[in-house]
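Enquirer:
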Amino acid sequence: MKISDLNVYRGPCEVLRNLTIDIPKGKWTSIIGPNGAGKSSLLQGITNILSTTGYITIDDVNIQNLDRKARAKAIAWLAQNNDAAEEFSELTVYDTVMLGRIPHQGWLHIPSSLDHQVVQESLNKTHTQSIASRFLHELSGGEKQRVLLARLLAVQSDILLMDEPLANLDPPHQADWLIWQKELLAQGKTVVTVLHEIQFALKADHLVMIKQGKLYFEGASKDPATHRALIALFDGRIHLEKLGNEWISLPV
Amino acid sequence: MPKHQLYLKLLALFAVSLILIALGCVFGSTGIDWRFTEVDRTILYEIRLPRSIGAYLAGALLGLAGAIAQGLFRNPLADPYLLGSASGALLGVGIILCLSSVGEYSLVTLIGINGGAFAGALLGVLAALLLAGGYKSSLRLLLSGVVIGVIFSAANSLLTFVRPDLYQSLQSFMLGNTSLITWNANLMMGLALIISILLTLLLSPVLSALSLGENTARTLGLPLDQLRLLLIAVLALATGFAVAQTGLIAFVGLAAPHLVRHISGGRQRVQLILSSIAGGILLLGSDLLAKSIFAPLEIPVGIVTAVLGGGYLLLLLRREQIGIRK
Amino acid sequence: MCGFLGISIAAVEVIDDRGKTISLASPPQRLISLLPSLTESICALGKCNHLVGVDRFSNWPLSLQNLPKLGGMSDSNLEAIVQLKPDLVMVDKSSPIISRLEDLRIPVMAFEIKTMADEERTLKKLDLALGSKEAGRVWNQIQAEITRANKQLDGSQKNMRVYFEVNAAPYAAGRSSFIGELLTRLELNNIIPESLGPFPKINPEFVVQAKPQIIMLSETGVTDMKKRPGWADIPAVRENRICTFKKEQSDVIVRPGPRMGEAALILSQCIAEKSLSSK
Chain A
1 MKISDLNVYR GPCEVLRNLT IDIPKGKWTS IIGPNGAGKS SLLQGITNIL STTGYITIDD
61 VNIQNLDRKA RAKAIAWLAQ NNDAAEEFSE LTVYDTVMLG RIPHQGWLHI PSSLDHQVVQ
121 ESLNKTHTQS IASRFLHELS GGEKQRVLLA RLLAVQSDIL LMDEPLANLD PPHQADWLIW
181 QKELLAQGKT VVTVLHEIQF ALKADHLVMI KQGKLYFEGA SKDPATHRAL IALFDGRIHL
241 EKLGNEWISL PV
Chain L
1001 MPKHQLYLKL LALFAVSLIL IALGCVFGST GIDWRFTEVD RTILYEIRLP RSIGAYLAGA
1061 LLGLAGAIAQ GLFRNPLADP YLLGSASGAL LGVGIILCLS SVGEYSLVTL IGINGGAFAG
1121 ALLGVLAALL LAGGYKSSLR LLLSGVVIGV IFSAANSLLT FVRPDLYQSL QSFMLGNTSL
1181 ITWNANLMMG LALIISILLT LLLSPVLSAL SLGENTARTL GLPLDQLRLL LIAVLALATG
1241 FAVAQTGLIA FVGLAAPHLV RHISGGRQRV QLILSSIAGG ILLLGSDLLA KSIFAPLEIP
1301 VGIVTAVLGG GYLLLLLRRE QIGIRK
Chain X
2001 MCGFLGISIA AVEVIDDRGK TISLASPPQR LISLLPSLTE SICALGKCNH LVGVDRFSNW
2061 PLSLQNLPKL GGMSDSNLEA IVQLKPDLVM VDKSSPIISR LEDLRIPVMA FEIKTMADEE
2121 RTLKKLDLAL GSKEAGRVWN QIQAEITRAN KQLDGSQKNM RVYFEVNAAP YAAGRSSFIG
2181 ELLTRLELNN IIPESLGPFP KINPEFVVQA KPQIIMLSET GVTDMKKRPG WADIPAVREN
2241 RICTFKKEQS DVIVRPGPRM GEAALILSQC IAEKSLSSK
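Chains as they are written, first to last, in the working numbering: chain A, 1 to 252; chain L, 1001 to 1326; chain X, 2001 to 2279.
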């Protein structure tokens, strides 16, 4: 996905300016930056939740010209902290995941056997098949997050955007999430995440740094130049250490 | 919920509905009169049957509208009247009453109180939409509805101040009245109900998707704004048709969806249909009680719906079927 | 005689319908009435010229046109009332302004007029309070008019089943209301039984079952009434024995005041006409 000269607006305010980013296909890109930099807004701009000017293309196709459904099938988005109206949600887990199939369904939105199949697979993958008939509002934070991830998977899009996907997940499930990531990448999907856990961000292939509404740096995550930029981004308050094959970050 | 369980529940509710309609033919101004065959044919076919069926249809329209309102606004306190349709309808009736000069067969007499209520209800919702600038956000629309409701209520108060002789007629409209429903009215309400249900079932995926949040629903490729406007239109129409025939009956639209929520298994389409049936049963049941407890005196039916609906809700709350979250 | 004892004994003491005693040193000169039937009663007793202000709805006799209007039932204009410096204010028992007036030391007399007997009593009390002596004459006149109205009807018209609709809810006039009493004096058969009270809200089906031969209501409600399901078969509707009242006539009929006799005449006249036209 190529983003050129993108400005993202929240209402009348410009929250992101002149972004030009190259998101590599089939790789995991992590967007990182201080609070309020505009990371979530970037994802919302790509999914057309916030209005934008500029270009966003996928494989040289300008997605702004795509109709709603095509766009929905191409890009799936996971909201941060689940902005659902929680109190009143009377959906079951199964039905929630089935909602992810909406872009693929016809006018009447009657689930086909393929839809059921995909939903089952998504449930299995996120280990939520055992709670499939429970209601969303009965679940713990971690369980709910896994269900929402399953919903995301059910869309079967080539590009997945995830805003804080690790929220509420305990370490075992965070580890599970990494496994799903690897599987998704192995299938050739493009994943873009907004993460504030720098450890996980460092495991990505590509890092995009946003500061105060502008692009700060963009580069491969293993690249020393990227590391220097990352340290500068956080005003020298972090220190990067190589541990085996991985890099970890420690506060200074 | 397994299919056969659903069908069983539907069947049971239908059976209850039919029984109530049959009872409606037996209950009347003479109280509970089991001597069915001795009742005057006119009374049976011209009055009791259309009244019972009409009360059911009006209740079904209100129940459906209530379910739509609660689904659209994600708010358990939403009812069909919250976008200014109630005060709009009342103002419509007031204006028609004001303008009816005696003996003249003018446009006003043609429209009549029913037409005035219907037009008023629709105009109320339209005004709320215009004030909010379209369905940009639920909060904005709800606030507009409240504002329009207040403005129209004030206009109504002004009307009754200037024409105090209209006050009693307006009062009876406000409390709701099922006693004068004709076969013609039933035809209109029946058609309205069928169309509303079909449209709502078609549009219900929007309601389900909205429970994930507005933004997520948008990214699923749904034309959210258009679909929501359509749902508002269905809401306004269903409410308008009900209110035109029976006046402003309180509580049916609010209570019906809650009464069936614990048996609808979370499926939006099921919830919508069951709410409709529940609304019909609630209003018809209330009508039966209203006309037979102190026959031939009639209790305003809105009072009975409040007692019945409210009572059952209290029961459900005590049994903790509603409102329990971790 | 009592004056030089330094004790002021009230010239008049009246007990109003609340059971409260109102003491008046001399017949009040400046009167305010906030209820049409009271206004009409006061004028019938010959004290019209003492009225300095009336409520918005008092519209008879026409000489009242120029008097300041002091609001309706629930929104009486307290300031205006006080500014007029009344000696006595006469209101309905349910008026919310009573305690405020008494706080301001303005004498208030409250009445509750729901039946003919109530009006008779009211006339007598007004007589006492206002120093007129006309109550007997007025009441006799009312009775005479009612009797005359009764005589206007022949045997075939009496005992007809009648239904009087007060408004379109529908609220009917029962036998114990003053309208019902008039109907009884005209020897008509009110389809609403005594047990239902003065103004019951009834099931319209009941009217269809009772098959009244005469229906009485205000003219604004006629077209809708005929459209009600099953009502076309009611004898009164079929034979067009529907008495409709214009606003001025309605005013006379719904006020339990000195024009009750006139009300009876309006009713009987209508019945006589309708019987002729349908013969």
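The C-beta atom is built at its ideal place from N, Cα and C for all residues, glycine as well.
Against chain L, with Cβ distances strictly below 7 Å, would Ala-79/A count as a contact?
Expert: As a working note, residue 79/A is residue 79 in the first sequence. Yes, contact with chain L.
Enquirer: Using beta-carbon positions only, say whether Ala-1065/L and Thr-1239/L come within less than 7 Å of one another.
Expert: Taking the second sequence and counting its residues from 1, the one referred to as residue 1065/L is at position 65. Taking the second sequence and counting its residues from 1, the one referred to as residue 1239/L is at position 239. The answer is yes: Cβ separation under 7 Å.
Enquirer: Determine, using beta carbons only, whether Ser-1276/L and Gly-1063/L come nearer to each other than 7 Å.
Expert: Locating residue 1276/L in the second sequence gives position 276, where the first residue counts as 1. Locating residue 1063/L in the second sequence gives position 63, where the first residue counts as 1. Against a cut-off of 7 Å, the Cβ pair of Gly-1063/L and Ser-1276/L comes out as a contact.
Enquirer: The beta strand (DSSP E) with Asp-2092/X in it runs from where to where?
Expert: Taking the third sequence and counting its residues from 1, one reaches residue 2092/X at position 92. From DSSP, the beta strand (DSSP E) with Asp-2092/X extends over 2088 to 2092.
Enquirer: In chain order, what residues of the same chain have a beta carbon less than 8 Å from the beta carbon of Ile-1303/L, not counting five sequence neighbours either side?
Expert: Here residue 1303/L corresponds to residue number 303 of the second sequence, with the count starting at 1. The answer, listed in chain order, is Leu-1175 and Ala-1290.
Enquirer: Who does Tyr-2171/X pair with in a DSSP beta bridge?
Expert: Numbered from 1 along the third sequence, position 171 holds the residue referred to as residue 2171/X. DSSP lists Asn-2167/X and Lys-2201/X as partners of Tyr-2171/X.
Enquirer: For Ile-1068/L versus Leu-1235/L, is the C-beta distance shorter than 7 Å?
Expert: For the purposes of this step, residue 1068/L is identified with residue 68 of the second sequence, where counting begins at 1. For the purposes of this step, residue 1235/L is identified with residue 235 of the second sequence, where counting begins at 1. Contact flag set, yes.
Enquirer: For the beta strand (DSSP E) holding Thr-2244/X, just list the boundary residues, first then last.
Expert: Position 244 of the third sequence, counting from 1, holds the residue named residue 2244/X. Its beta strand (DSSP E) spans residues 2242 to 2245.
Enquirer: I believe Leu-123/A touches Val-155/A by the beta-carbon criterion, under 8 Å. Please report the beta-carbon distance rounded to the nearest angstrom.
Expert: Locating residue 123/A in the first sequence gives position 123, counting from the first residue. Locating residue 155/A in the first sequence gives position 155, counting from the first residue. Contact doesn't hold; Cβ gap of about 14 Å is too wide.
Enquirer: What residues of chain D sit near Arg-1163/L, judged by a beta carbon separation below 7 Å?
Expert: Among the chains of the structure shown, chain D does not appear; the protein chains present are A, L and X.
Enquirer: For Thr-1216/L, would you say it is in contact with chain A, using Cβ-to-Cβ distances shorter than 7 Å as the test?
Expert: Counting from one through the second sequence, the residue named residue 1216/L turns up at place 216. Output row for Thr-1216/L: interface = yes.
Enquirer: Given a threshold of 16 other Cβ atoms within 10 Å of its Cβ, counted over all protein chains shown, does Phe-1014/L qualify as buried or as exposed?
Expert: Numbered from its first residue, the second sequence carries residue 1014/L at position 14. Classification for Phe-1014/L: exposed.
Enquirer: Any beta carbon from chain X within less than 7 Å of Gln-1245/L's own beta carbon?
Expert: As a working mapping, residue 1245/L is identified with position 245 in the second sequence. For Gln-1245/L, the answer is no, since every Cβ of chain X falls outside 7 Å of its Cβ.
Enquirer: Taking just the CA atoms, how far does Tyr-1135/L sit from Ser-1052/L?
Expert: Along the second sequence, read from residue 1 onward, the residue named residue 1052/L stands at position 52. Along the second sequence, read from residue 1 onward, the residue named residue 1135/L stands at position 135. Spanning the two alpha carbons is a distance of roughly 37 Å.
Enquirer: Please report the residue range of the beta strand (DSSP E) in which Tyr-9/A lies.
Expert: To locate residue 9/A, count along the first sequence from 1; it is residue 9. Looking at the DSSP string, the run of the beta strand (DSSP E) that includes Tyr-9/A is 2 to 10.
Enquirer: Could you work out which residues of chain L lie near Ala-269/A, taking near to mean beta carbons separated by less than 7 Å?
Expert: Because chain A in this structure spans residues 1 to 252, residue 269/A falls outside the shown range and cannot be described.
Enquirer: Less than 7 Å separating the beta-carbons of Asn-7/A and Thr-53/A?
Expert: The residue given as residue 7/A occupies position 7 in the first sequence. The residue given as residue 53/A occupies position 53 in the first sequence. Yes.
Enquirer: From the DSSP secondary-structure annotation, give me the bridge partner or partners of Tyr-55/A.
Expert: Mapped onto the first sequence, residue 55/A falls at position 55. In the DSSP output, where bridge partners are listed per residue, Tyr-55/A has Ser-4/A.
Enquirer: Does Ala-85/A come out as helix, strand or coil in the three-state DSSP assignment?
Expert: In the first sequence, the residue the question calls residue 85/A occupies position 85. Note on Ala-85/A: pLDDT 43, under 50, position unreliable in the model; the coordinate value appears next. Coil, per DSSP.
Enquirer: In this structure, does DSSP put Gly-2072/X in helix, strand or coil?
Expert: In the third sequence, residue 2072/X corresponds to position 72, counting from 1. In the structure shown, Gly-2072/X sits in coil (DSSP, three-state: anything other than H, G, I, E or B).
Enquirer: Round the Cβ separation of Leu-2038/X and Leu-2088/X to the nearest angstrom and send it over; I've been treating them as touching at under 8 Å.
Expert: Stepping through the third sequence from its first residue, residue 2038/X is reached at position 38. Stepping through the third sequence from its first residue, residue 2088/X is reached at position 88. Not quite, the Cβ-Cβ distance comes to about 11 Å (not below 8 Å), so this is no contact.
Enquirer: Using 7 Å as the limit for Cβ to Cβ distance, is Thr-1219/L near chain A?
Expert: Your numbering for residue 1219/L matches position 219 in the second sequence. It does: the Cβ of Thr-1219/L has a partner Cβ on chain A nearer than 7 Å.
Enquirer: Hey, could you find the ends of the alpha helix (DSSP H) Pro-251/A is sitting in?
Expert: In the first sequence, counting from the first residue as 1, residue 251/A sits at position 251. Segment 246 to 251 is the beta strand (DSSP E) holding Pro-251/A; no alpha helix (DSSP H) there.
Enquirer: Is it right to say Asn-2203/X is buried, meaning 16 or more other beta carbons lie within 10 angstroms of its own, or is it exposed?
Expert: Reading the third sequence from its first residue, position 203 is the one you call residue 2203/X. It counts as buried.
Enquirer: Measuring CB to CB, does Gly-1120/L end up less than 7 Å from Gly-1088/L?
Expert: Within the second sequence, the letter at position 120 stands for residue 1120/L. Within the second sequence, the letter at position 88 stands for residue 1088/L. Yes.
Enquirer: Closest by CA to Leu-1207/L, which one among Leu-1110/L, Leu-1131/L, Ile-1047/L and Ser-1138/L?
Expert: As a first step, residue 1207/L must be located in the second sequence, where it is residue number 207. If we check each option's Cα against that of Leu-1207/L, Ser-1138/L comes out closest.
Enquirer: Thinking just about the alpha-carbon of each residue, which of Leu-243/A, Gly-213/A, Leu-233/A and Pro-24/A is nearest to the one in Ser-41/A?
Expert: Residue numbering aside, residue 41/A sits at position 41 when the first sequence is read from its first letter. If we check each option's Cα against that of Ser-41/A, Gly-213/A comes out closest.
Enquirer: Output yes or no for whether 7 Å exceeds the beta carbon distance between Arg-68/A and Gly-1028/L.
Expert: The residue labelled residue 68/A in the question sits at position 68 within the first sequence. The residue labelled residue 1028/L in the question sits at position 28 within the second sequence. Result no, Cβ atoms of Arg-68/A and Gly-1028/L do not sit closer than 7 Å.
Enquirer: Quick check: the Cα distance between Leu-148/A and Ser-1085/L, rounded to an integer number of angstroms?
Expert: As a first step, residue 148/A must be located in the first sequence, where it is residue number 148. As a first step, residue 1085/L must be located in the second sequence, where it is residue number 85. Each residue's Cα considered, the two are about 37 Å apart.
Enquirer: Grab me the residues of Glu-197/A's own chain with a C-beta within less than 7 Å of its C-beta, minus the 5 sequence neighbours each way, in chain order.
Expert: Reading the first sequence from its first residue, position 197 is the one you call residue 197/A. Result list for Glu-197/A: Leu-166, in chain order.
Enquirer: Apart from the five residues just before and just after Glu-2205/X, which ones in its own chain have a Cβ nearer than 8 Å to its Cβ?
Expert: Within the third sequence, residue 2205/X is the residue found at index 205, counting from 1. So the qualifying residues of the chain are Gly-2230.
Enquirer: Please report the straight-line C-alpha distance between Ser-130/A and Gln-174/A, rounded to a whole angstrom.
Expert: For the purposes of this step, residue 130/A is taken as the residue at position 130 of the first sequence. For the purposes of this step, residue 174/A is taken as the residue at position 174 of the first sequence. Going by the C-alpha atoms only, they are around 19 Å apart.
Enquirer: Any idea what DSSP makes of Asp-22/A, helix, strand or coil?
Expert: Position 22 of the first sequence holds residue 22/A. In this structure, Asp-22/A counts as strand in the three-state DSSP scheme.
Enquirer: Using only alpha-carbon positions, find the residue among Ser-2099/X, Val-2254/X, Val-2052/X and Asn-2150/X that is nearest to Ser-2268/X.
Expert: Locating residue 2268/X in the third sequence gives position 268, counting from the first residue. Minimum Cα distance to Ser-2268/X is reached at Asn-2150/X.
Enquirer: Could you tell me which residues DSSP puts in a beta bridge with Gly-1094/L?
Expert: Indexing the second sequence from 1 puts residue 1094/L at position 94. According to DSSP, Gly-1094/L bridges with nothing at all.
Enquirer: Please classify Thr-1178/L: is it buried, with 16 or more other beta-carbons within 10 angstroms of its beta-carbon, or exposed?
Expert: By one-based count along the second sequence, residue 1178/L stands at place 178. By the neighbour-count rule (16 or more Cβ atoms within 10 Å), Thr-1178/L is buried.
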